[in-house]
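**Q**
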Amino acid sequence: MLISFPCARCGGRLEIDAAAMGTRIGCPHCGKPIEVPRVKPGPGATVGGFKIQRLIGAGGMGEVYLARQLSLDRDVALKVFPPDLAEDKERVRRFLNEVHLLARLEHPNIVTAHEAGEDGGVLFMAMAYVNGEPLDRQLERAGPLPEKRALQIVRKIAAALAYAWNEHRLLHRDIKPSNILLDAHGEPKLADLGLSQRADRRPADAAEEEILGTPNYMSPEQVGGGELDCRSDMYSLGATLYHMLTGQLPFQAGSVMETLHKQISETLPDPRVFAPSISDPCVRLLEIMLAKTAGERHATWESLIGDLDRVKARKMPMRRPVAKGASVLLRAKDEASLAEIRRLRVSAA
2 MLISFPCARC GGRLEIDAAA MGTRIGCPHC GKPIEVPRVK PGPGATVGGF KIQRLIGAGG
62 MGEVYLARQL SLDRDVALKV FPPDLAEDKE RVRRFLNEVH LLARLEHPNI VTAHEAGEDG
122 GVLFMAMAYV NGEPLDRQLE RAGPLPEKRA LQIVRKIAAA LAYAWNEHRL LHRDIKPSNI
182 LLDAHGEPKL ADLGLSQRAD RRPADAAEEE ILGTPNYMSP EQVGGGELDC RSDMYSLGAT
242 LYHMLTGQLP FQAGSVMETL HKQISETLPD PRVFAPSISD PCVRLLEIML AKTAGERHAT
302 WESLIGDLDR VKARKMPMRR PVAKGASVLL RAKDEASLAE IRRLRVSAA
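According to our numbering, the residues represented by the sequence shown are 2 to 350, in order.
(1) Is the Cβ-Cβ distance between GLY133 and LEU183 less than 9 Å?
(2) Compute the Euclidean distance between the alpha carbons of GLY122 and PRO109, then round it to the nearest angstrom.
(3) With distances taken Cα to Cα, identify the nearest neighbour of ALA340 among LYS80, GLN70, HIS186, PRO277.
(4) Does the contact criterion of 3 or more C-beta pairs under 8 Å hold for the segment 56-72 versus the segment 18-38?
(5) Would you kindly work out how many angstroms separate the C-alpha atoms of ASP206 and GLU267, rounded to a whole number?
(6) Would you tell me roughly how many angstroms separate the C-alpha atoms of GLY239 and HIS186, rounded to the nearest one?
(7) Which same chain residues end up closer than 8 Å to MET317 when comparing Cβ atoms and leaving out the 5 residues on each side of it in sequence?
(8) Specify the secondary structure class of GLY307 as computed by DSSP and reduced to three states.
(9) Are ILE181 and LEU191 close, meaning C-beta to C-beta below 9 Å?
(10) On the premise that VAL100 lies in contact with ALA117, defined as a C-beta separation below 8 Å, what is that separation, rounded to the nearest angstrom?
(11) Across which residues does DSSP place VAL81 in a beta bridge pair?
(12) Excluding the five sequence neighbours on either side, which residues of its own chain have a C-beta within less than 6 Å of the C-beta of VAL131, listed in chain order?
(13) How should GLY49 be labelled, buried or exposed, when 16 other C-beta atoms within 10 angstroms of its C-beta is the threshold for buried?
(14) How big is the Cα-Cα spacing for LEU76 and ALA333?
(15) Would PRO178 and LEU246 be called neighbours here (beta carbons separated by less than 9 Å)?
(16) Could you give the DSSP three-state label for ILE279: helix, strand or coil?
(17) So what's VAL284 in DSSP terms, helix, strand or just coil?
(18) How long is the line joining the alpha carbons of GLU119 and SER328, rounded to whole angstroms?
(19) Taking the alpha carbon of ALA68 as the reference point, which residue from PHE51, ILE4, VAL81, GLY58 has its own alpha carbon closest?
(20) Give the single residue among CYS31, ALA21, ALA19, ILE4 whose Cα lies nearest to the Cα of GLY13.
(21) Would you decide whether CYS231 is buried or exposed? Buried here means 16 or more other CB atoms lie within 10 Å of its CB.
(22) For LEU124 and ALA114, which I take to be in contact (beta-carbon distance under 8 Å), what is that distance rounded to the nearest angstrom?
(23) So ARG232 is in the alpha helix (DSSP H); what residue range does that whole segment cover?
(24) Does the distance between the C-beta of ASP76 and the nearest non-hydrogen atom of the ligand FAD fall short of 8 Å?
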């Protein structure tokens, strides 16, 4: 790894091997002795042949930078594992897991992996750079999406998840707006597979694993640490669709534990409370996707995708409706009930 820093004496910029950090060298610009600072990978550094330009994202699995691949002269998204966490074997395992998973996936709506490796003790992964913005940022900036647009995005992400499940038996386990990137043409790309796992992992592996994911979007079985299959990702995609349509973060609370408690014990208001134009077929679909038990949801991704296409055409889903109280979505009984709920919310505000 190459690091870049200014000479403390003359201000001239140096680029040298990170192995020299903490040692004293002569500045090639002014000849004076200087100490090479200990710096983390960041703008100006070159990791594995990728010159870092600026930070574009951060999370528990590392920081993501816009970088230039010097050998091919192209922009990439470079994920760098935090050096101070290199001793955390579980985090390193999950980072390497993401690398191996992405290397096997080829789908137009999944972010592509280019290269991964280690440079000077720094783990990195280079991915296709999506020139756009995360879906959560667009929701913050522009508000809820029209139903047609929301269904278009969800349909494409569902197809990507169907591919990952059918071809590789992979679960994502952390579907949420911030993990859906929209490129310059509005095309959605599923990112951040750091929590993904194969459905055929040994039970012992799963038993040792902490509960991971984002509580607002996690299925009840994921919150409870139960066995997961593709229907858990369907729930998370349903919670994401609810957020897209209403602009409301599902089960919003002040802490992780409060969110988990709400997720288990409370319900989500009918989305038409926030967006009256949402169609009845779409509400019915959300009820099914947000069913409390996996058995009440669609059995396959193909079944869900078929219903997404029907709802886009303003037709009711083919999947039978869930029983009363079987969904975390609290559907209003009729228009009068919906109007009363809206009135109460306005009064409370």
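Ideal placement from N, C-alpha and C gives every residue a C-beta, glycine not left out.
**A** Reading off the structure:
(1) For the purposes of this step, residue 133 is taken as the residue at position 132 of the sequence shown. For the purposes of this step, residue 183 is taken as the residue at position 182 of the sequence shown. Yes.
(2) As a working note, residue 122 is residue 121 in the sequence shown. As a working note, residue 109 is residue 108 in the sequence shown. GLY122 and PRO109: Cα-Cα distance of roughly 32 Å.
(3) As a working mapping, residue 340 is identified with position 339 in the sequence shown. For the residues LYS80, GLN70, HIS186, PRO277, the minimum Cα distance to ALA340 belongs to PRO277.
(4) no
(5) The sequence position of residue 206 within the sequence shown is 205, counting from 1. The sequence position of residue 267 within the sequence shown is 266, counting from 1. Because the pLDDT of ASP206 is 41, which lies under 50, any placement of that residue in the model is unreliable, and the number read from its coordinates should be weighed accordingly. Between ASP206 and GLU267, the C-alpha separation is close to 31 Å.
(6) Numbered from 1 along the sequence shown, position 238 holds the residue referred to as residue 239. Numbered from 1 along the sequence shown, position 185 holds the residue referred to as residue 186. If I take the Cα positions, the gap works out to 24 Å.
(7) If you number the sequence shown from 1, residue 317 lands on position 316. Excluding positions up to five away in sequence, the list reads ASP281, PRO282, ARG285, ARG311.
(8) In the sequence shown, counting from the first residue as 1, residue 307 sits at position 306. Helix.
(9) For the purposes of this step, residue 181 is taken as the residue at position 180 of the sequence shown. For the purposes of this step, residue 191 is taken as the residue at position 190 of the sequence shown. Contact: yes.
(10) Translated into the one-based positions of the sequence shown, residue 117 becomes position 116. Translated into the one-based positions of the sequence shown, residue 100 becomes position 99. Between VAL100 and ALA117 the Cβ distance is about 4 Å, and since that is below 8 Å, they are a contact.
(11) Here residue 81 refers to the residue found at position 80 when the sequence shown is read from its first residue. Per DSSP, GLU64, PHE125.
(12) Stepping through the sequence shown from its first residue, residue 131 is reached at position 130. For VAL131, where only same-chain residues beyond five positions count, the Cβ hits under 6 Å are LEU182, ASP184, LYS190.
(13) One-based indexing of the sequence shown puts residue 49 at position 48. Buried, by the Cβ-count rule.
(14) Sequence index remark: in the sequence shown, residue 76 carries index 75 (1-based). Sequence index remark: in the sequence shown, residue 333 carries index 332 (1-based). The sequence shown places Asp at residue 76, rather than the Leu named in the question. Looking at the two C-alpha atoms, the distance is approximately 49 Å.
(15) Taking the sequence shown and counting its residues from 1, the one referred to as residue 178 is at position 177. Taking the sequence shown and counting its residues from 1, the one referred to as residue 246 is at position 245. Taking 9 Å as the Cβ cut-off, PRO178 and LEU246 do not qualify as a contacting pair.
(16) The residue given as residue 279 occupies position 278 in the sequence shown. Looking at ILE279 - three-state DSSP - the assignment turns out to be coil, as it is neither helix nor strand.
(17) Reading the sequence shown from its first residue, position 283 is the one you call residue 284. Correct three-state label for VAL284: helix.
(18) What you label residue 119 is simply residue 118 of the sequence shown in a count that begins at 1. What you label residue 328 is simply residue 327 of the sequence shown in a count that begins at 1. Looking at the two C-alpha atoms, the distance is approximately 46 Å.
(19) Counting from one through the sequence shown, the residue named residue 68 turns up at place 67. When each option's Cα is compared against that of ALA68, the closest is PHE51.
(20) Translated into positions along the sequence shown, residue 13 becomes position 12. It is CYS31 whose Cα lies nearest to the Cα of GLY13.
(21) On the sequence shown, residue 231 is found 230 positions in, with the first residue counted as 1. It counts as buried.
(22) Walking along the sequence shown from the start, residue 124 turns up at place 123. Walking along the sequence shown from the start, residue 114 turns up at place 113. Wrong, their Cβ atoms sit about 14 Å apart, outside the cutoff.
(23) One-based indexing of the sequence shown puts residue 232 at position 231. From DSSP, the alpha helix (DSSP H) with ARG232 extends over 231-247.
(24) Of ligands this structure carries none, so the ligand FAD is not represented either.
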